[in-house]
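Colleague: One structure is given below, represented as structure tokens, and several questions about it will come after.
Residue numbers (our numbering): 836 to 903.
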């Protein structure tokens, strides 16, 4: 059961648990950065006009071939 919870998904994307944790952690920090840029843009529209969109598109690209 513990193996299933912690290891099945990382194995599906050909990673160890720690590799997957590092990737997911870095990804979540970048998403948080994009969210912060979008929030600032919502309040002050002349700032970060394309930052969140660009970041999300950049992050989506590697996901297209992950785990195949």
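Glycine included, each C-beta is placed from N, C-alpha and C at the ideal position.
1. Might you give, ordered along the chain, the residues of its own chain that have their beta carbon closer than 7 Å to the beta carbon of residue 847, omitting 5 neighbours on each side?
2. Do you know whose CA, among 852, 874, 839, lies nearest residue 887's CA?
3. Per DSSP, what kind of secondary structure is residue 880 in: helix, strand or coil?
4. I believe residue 868 touches residue 890 by the beta-carbon criterion, under 8 Å. Please report the beta-carbon distance rounded to the nearest angstrom.
5. Taking only three categories from DSSP, how would you classify residue 851?
6. Helix, strand or coil, according to DSSP, for residue 902 in the structure here?
Modeller: Judging by the given coordinates:
1. Locating residue 847 in the chain shown gives position 12, counting from the first residue. Counting only Cβ-Cβ distances below 7 Å, and skipping sequence neighbours, we find 902.
2. By one-based count along the chain shown, residue 887 stands at place 52. It is 874 whose Cα lies nearest to the Cα of residue 887.
3. Residue numbering aside, residue 880 sits at position 45 when the chain shown is read from its first letter. Of the three classes helix, strand and coil, the one that applies to residue 880 here is coil, per DSSP.
4. Residue mapping note: residue 868 aligns to position 33 of the chain shown, counting from 1. Residue mapping note: residue 890 aligns to position 55 of the chain shown, counting from 1. With 8 Å as the limit, residue 868 and residue 890 qualify as a contact, their Cβ atoms being about 7 Å apart.
5. In the chain shown, counting from the first residue as 1, residue 851 sits at position 16. The answer is coil: DSSP assigns residue 851 none of H, G, I, E or B.
6. To locate residue 902, count along the chain shown from 1; it is residue 67. Three-state DSSP puts residue 902 in coil, outside helix and strand.
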